[in-house]
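Read through the structure below, which is laid out as structure tokens, and then see the notes.
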Amino acid sequence: KHGKKYRLMYQVYTLPKYMEYGKRFFEGVNERYTAYAKLLEPKIGIPYTTITPLIFIFVRACVHYAMFEDEYYLKAQMEVLKQGVALFADKY
């Protein structure tokens, strides 16, 4: 559903002319995901510094799936995330 939009966005933001715009866009994304992780921290008991990279992995897997419809990649990443969250929940 969103594959064409993501492909276009990545094509534009990787052009030298728009690279700085892309960096600024993704800095904002990083800030939003970190803020979301901070909201999740008290609810699931895992530090936001651990949750944030898990969110990055989740989003990357979803975008990759949207762009390439690669179900194998998506399922593999989701399984690792499920196991990782369970391990972190036990640890913290």
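Be aware that the sequence shown starts at 27, since it is given in this note's numbering, and climbs by one per residue. Note that the Cβ used here is the ideal one computed from N, Cα and C, for glycine as well. Bear in mind the structure is a predicted one, so any value in this text is a computation, not a measurement.
Taking Leu113 as reference, the option from Leu34, Leu80 and Val38 with the minimal CA-CA separation is Leu80. Separation of Tyr91 and Lys117 (C-alpha to C-alpha, rounded to the nearest whole angstrom) is 30 Å. With 16 or more other Cβ atoms from the protein chains shown falling within 10 Å of its own Cβ, Ala63 counts as buried. For the region 79-118, the full-length alpha helix (DSSP H) segments reaching 4 residues or more read 97-117 along the chain. With contact defined as three or more Cβ pairs closer than 8 Å, the region 53-60 and the region 28-38 are not in contact. Non-local C-beta neighbours of Ala87 in its own chain, meaning closer than 6 Å and more than five positions away in sequence, comprise Leu100 and Gln103, ordered along the chain.
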